[in-house]
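Trainee: These protein sequence lines map, in sequence, to chains G and E.
All the letters of the first sequence, read from the start, carry residue numbers 1 to 289 under the working numbering.
All the letters of the second sequence, read from the start, carry residue numbers 1 to 379 under the working numbering.
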Amino acid sequence: MSVFIDQQTRLVVQGITGRDGSFHTRQMIGYGTKVVAGVTPGKGGQLFDSVVPVFDTVADAVRETQANTAVIYVPAAVAASAIFEAADAGVPLIVCITEGIAVLDMTRVLPYLHERGARLIGPNCPGLISPARSKVGIIPGNICRPGRVGVVSRSGTLTYEIVHQLSTQGLGQSTCVGIGGDPLIGTNFIHCLSAFQADTETDAVVMIGEIGGTDEQQAADFVQQAMTKPVIGFIAGQTAPPGRRMGHAGAIISGSSGTAAEKMAAFARAGIAVMKRPADVVPLLKERL
Amino acid sequence: MNLHEYQARDILRRHGIPVPPGEVATTTDEARAIAARLGPGPVVVKAQVHAGGRGKAGGVKLAANPAEAAAHAAKILGMTIKGFTVRRVLVAPAADIASESYVGIIVDRTSQRPVLMVSAAGGIDIEEVAARTPEKIHRLAVDPRYGLLAHQALGLALKLHRDIAQARATADIMQRLYAAFYAVGASLAEINPLVTTRDGAVAALDAKIVIDDNELDRRPEIAALRDTSAEAPSEVAAREAGLTFIKLDGAVGCCVNGAGLAMATMDLVKYYGGAPANFLDIGGSSNPQKVVSALQIITADASVRAILFNIFGGITRCDDVATGIVQATRAFPLQVPLVIRLTGTNEELAVQILTQAGFPALTDMDEAVKQAVAQAKAA
Chain G
1 MSVFIDQQTR LVVQGITGRD GSFHTRQMIG YGTKVVAGVT PGKGGQLFDS
51 VVPVFDTVAD AVRETQANTA VIYVPAAVAA SAIFEAADAG VPLIVCITEG
101 IAVLDMTRVL PYLHERGARL IGPNCPGLIS PARSKVGIIP GNICRPGRVG
151 VVSRSGTLTY EIVHQLSTQG LGQSTCVGIG GDPLIGTNFI HCLSAFQADT
201 ETDAVVMIGE IGGTDEQQAA DFVQQAMTKP VIGFIAGQTA PPGRRMGHAG
251 AIISGSSGTA AEKMAAFARA GIAVMKRPAD VVPLLKERL
Chain E
1 MNLHEYQARD ILRRHGIPVP PGEVATTTDE ARAIAARLGP GPVVVKAQVH
51 AGGRGKAGGV KLAANPAEAA AHAAKILGMT IKGFTVRRVL VAPAADIASE
101 SYVGIIVDRT SQRPVLMVSA AGGIDIEEVA ARTPEKIHRL AVDPRYGLLA
151 HQALGLALKL HRDIAQARAT ADIMQRLYAA FYAVGASLAE INPLVTTRDG
201 AVAALDAKIV IDDNELDRRP EIAALRDTSA EAPSEVAARE AGLTFIKLDG
251 AVGCCVNGAG LAMATMDLVK YYGGAPANFL DIGGSSNPQK VVSALQIITA
301 DASVRAILFN IFGGITRCDD VATGIVQATR AFPLQVPLVI RLTGTNEELA
351 VQILTQAGFP ALTDMDEAVK QAVAQAKAA
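(1) Listed from N- to C-terminal order along the chain, which residues in the stretch 263–278 of chain E have their beta-carbon within a distance smaller than 7 angstroms of any beta-carbon of chain G?
(2) What's the C-alpha gap between G:I97 and G:P241?
(3) Which residues in chain E sit within 7 angstroms of G:K276, going by Cβ to Cβ distance?
(4) Specify whether the stretch 30–50 of chain G and the stretch 161–171 of chain G touch according to this definition: at least 3 beta carbon pairs, one from each stretch, less than 8 angstroms apart.
(5) Output, in sequence order along the chain, the residues in the stretch 156–181 of chain G whose CB is closer than 8 angstroms to any CB in chain E.
(6) Using a Cβ-Cβ cutoff of 8 angstroms, what residues of the stretch 108–139 of chain G are near chain E? List them in chain order.
(7) For the alpha helix (DSSP H) containing G:C192, list its first residue and its last residue.
(8) Identify the contact partners of G:V318 in chain E, using a Cβ-Cβ distance below 8 angstroms as the criterion.
(9) Check whether chain G comes within 8 angstroms of E:I246, counting only Cβ atoms and requiring the distance to be less than that.
(10) Looking at C-alpha atoms only, which residue of G:R145, G:C125, G:N124 is the closest neighbour of G:S325?
(11) So if DSSP puts E:A189 in a beta bridge, which residue, or which two residues, is it bridged to?
(12) Which residues in the same chain have their Cβ closer than 6 angstroms to the Cβ of E:P337, if we skip the five residues on either side of it in sequence?
(13) What residue ranges within the stretch 71–120 of chain E form continuous beta strand (DSSP E) runs of no fewer than 3 residues, ordered along the chain?
(14) Identify the continuous beta strand (DSSP E) that holds G:M207 and give its terminal residues.
(15) Measure the Cβ-Cβ separation of E:M79 and E:A47 and say whether it is below 8 angstroms.
(16) With three or more C-beta pairs closer than 8 angstroms as the rule, is the stretch 245–255 of chain G touching the stretch 140–150 of chain E?
(17) Report the neighbours of E:G123 on chain G: residues whose CB is nearer than 7 angstroms to its CB, in chain order.
(18) Have a look at G:A268 and G:V274 and give me their C-alpha separation to the nearest angstrom.
(19) Does any CB atom of chain G fall closer than 8 angstroms to the CB of E:N287?
(20) I'd like to know whether the C-beta of E:L261 is nearer than 8 angstroms to at least one C-beta of chain G.
(21) Under 7 angstroms between beta-carbons, which chain E residues line up against G:A236? List them in chain order, please.
(22) I'd like to check one pair, E:P66 with E:R32: are the Cβ atoms closer than 8 angstroms?
(23) On the premise that G:R119 lies in contact with G:P92, defined as a C-beta separation below 8 angstroms, what is that separation, rounded to the nearest angstrom?
(24) List, in chain order, every chain E residue whose beta-carbon is nearer than 8 angstroms to that of G:L184.
(25) Throw me the rounded Cβ distance for the G:V291 and G:L184 pair, which I believe falls under 8 angstroms.
(26) Quick one: is E:S229 buried, meaning 16 or more other Cβ sit within 10 Å of its Cβ, or exposed?
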């Protein structure tokens, strides 16, 4: 078992013929992901790389290929619309890689998904990977190894850094999930922690948070109340000044709220081992496994 | 993107919210002329900068007549408030205030909805009220599918006014503020204070609007309100080059791909006893030109004593970054030491390119940060 994706994942790629979409579709196929369809309006009927059928709409793609997961690489201006379309086509898992969706668009997207029972991962995220099984998104497959550590993170390259430390020191991963750096996201830390707690192939979880919001504090409460598996935590942005967006739209200290110090304290109170730097991940995990 | 008070007032006025008159001056003569136009009676002269606490800093002054307005403008124009130089003042009639309250809208991350906040404790720092007496703030999460409903607005307005006519006027203002919030793509819109005057009218005396940067591409009329003179020149240059850059006080210049890794790199600089000079995310694309721009921006800061590259190649190709470093250092020789760490996609090629150009390349993040901190201290 793994979390959210596995060998049963049948993927439709929205924006498959675009620059990013085509590059990452080839990467995903190379990794073994079952990419069953692509969507680019106006290019329905074509074949991508002579293999993957392209449709004009997600509804057509789902009807013809039984796709059960969608990944979105379309430009920001049309990304919210792409999420609506995937949900409307009945896709239960939607992964949005695109960065730059307006927050007010997300206030309308999220209730729409909720009513249809669809799960969104992202937006503004690297997607997810279950090593040696399936990858949906842009996480480089070559840095991951199959194993029993779950990873959940608001970041992209920082996740790669920490996964790289795990893999090179003999700790493989069950699933790595990038939940995204925006203030409004579809899947939060608690959703992922809960899935890892239930997953029989995950023994421990690494949670990588950052400044901004209170998702990590709520996750810490959840760990204390509902998790028996060890959790290791990291917070990026200890040196970030208040009131400035640190690259990610959601990484901002508002007034005195959302600081790294307050999140690290919440982790410590909940019994989460707090990493002071990325290189602490393996020693802290080994102490607890 | 922050808007100035006068820009926010214009937006509210366009949405039918009562806003007292007032005009912007960039010179003392203009301030005098506006005060004269506004007629007899006192005026306020208010600094237009992207900083709170303008009053405490001496940036808001009451003037009895046009001559005094000009004198205040002379002092306020050019003044520095929290690092921002004042280039404009708003001149507005002094209001005859009977009561002050607060009305604001934000997007709440937990409920994932726009939340209206009101408080009868207006005219002061709402964050302070939230921290000290949270019971004085009333909150309502709005369902974005239906918007702020009339009875919801009136229910909140009745927390601010006993008089039903004033409550109705305030409820109408709240619904208009909610409409404006979505219309301009705001992440924050507040009226502080919302005042009642002695003749019973309700009006928005001061306003603050922050626009979600992700809205700007599709709202050119809002993007045009950006005041680049109110921003650090290095940050303007970075934005134009497609980089995210925030200047800090330390000596170790940082150039990293990805926001999370960039923050973690800054934190590690501090962990090893140094101080980061900046946050800089070169983004996920493989474009040597971005590296050139990044180095230009970092080296323009005289307090930088060493530069650290930390690249984890996923989509970003290490060889592209290496090529960018070589191109940039050929175009303008660096005056400070450079420490480069690259790992991931095309790492071997990158090391080869850098070694040929005489730059040592590291693969371990901790080792690179330690070296950068040591070199910044030695310089």
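Every residue, glycine too, gets a C-beta built ideally from N, C-alpha and C.
Mentor: Per the coordinate set shown:
(1) Along the stretch 263–278 of chain E, going in chain order, the ones with a CB nearer than 7 angstroms to a CB of chain G are M263, A264, M266, D267, L268, K270, Y271, P276.
(2) The straight-line gap from Cα to Cα measures roughly 27 angstroms.
(3) Near G:K276 (Cβ distances below 7 angstroms), the residues of chain E are Y271.
(4) Segments in contact, no.
(5) Under the 8 angstroms Cβ criterion, the stretch 156–181 of chain G contributes G156, T157, L158, T159, Y160, E161, H164, G181.
(6) Within the stretch 108–139 of chain G, the qualifying residues are R108, L110, P111, P126, I138, I139.
(7) G:C192 -> alpha helix (DSSP H) spans 189–198.
(8) Since the first residue shown for chain G is 1 and the last is 289, residue 318 of chain G is missing from the structure and cannot be characterised.
(9) It does; some Cβ of chain G falls within 8 angstroms.
(10) In the structure as shown, chain G starts at 1 and stops at 289, and residue 325 of chain G therefore has no counterpart that could be examined.
(11) Answer is E:I105, E:I209, bridged to E:A189.
(12) Scanning its chain for C-beta atoms nearer than 6 angstroms, with the 5 sequence neighbours on each side dropped, one finds around E:P337 the residues A306, Q375, in chain order.
(13) Secondary structure in the stretch 71–120 of chain E: the beta strand (DSSP E) runs of 3 residues or longer, each lying completely within the stretch, are 89–93, 97–108, 113–119 in chain order.
(14) Counting along the chain, the beta strand (DSSP E) containing G:M207 begins and ends at 204–210.
(15) For the 8 angstroms CB-CB criterion, E:M79 and E:A47 form a contact.
(16) At 8 angstroms Cβ cutoff, the stretches do not touch.
(17) Ordered by position in chain G, no residue passes the 7 angstroms Cβ test against E:G123, which lies about 18 angstroms from the chain.
(18) A straight line joining the alpha-carbon of G:A268 with that of G:V274 spans about 7 angstroms.
(19) No, because no Cβ of chain G sits closer than 8 angstroms to the Cβ of E:N287.
(20) With 8 angstroms as the cut-off, E:L261 counts as an interface residue toward chain G.
(21) By Cβ distance, chain E contributes G260, M263, A264, D267.
(22) Yes, these two residues count as a Cβ contact at 8 angstroms.
(23) About 7 angstroms separates the two Cβ atoms, so the contact holds.
(24) Going along chain E in sequence order, the residues near G:L184 (Cβ under 8 angstroms) are V107, R109, Q112.
(25) As displayed, chain G neither begins before 1 nor continues past 289, which places residue 291 of chain G out of reach and without an answer.
(26) For E:S229, the number of other beta carbons within 10 angstroms of its own is below 16, and it is reported as exposed.
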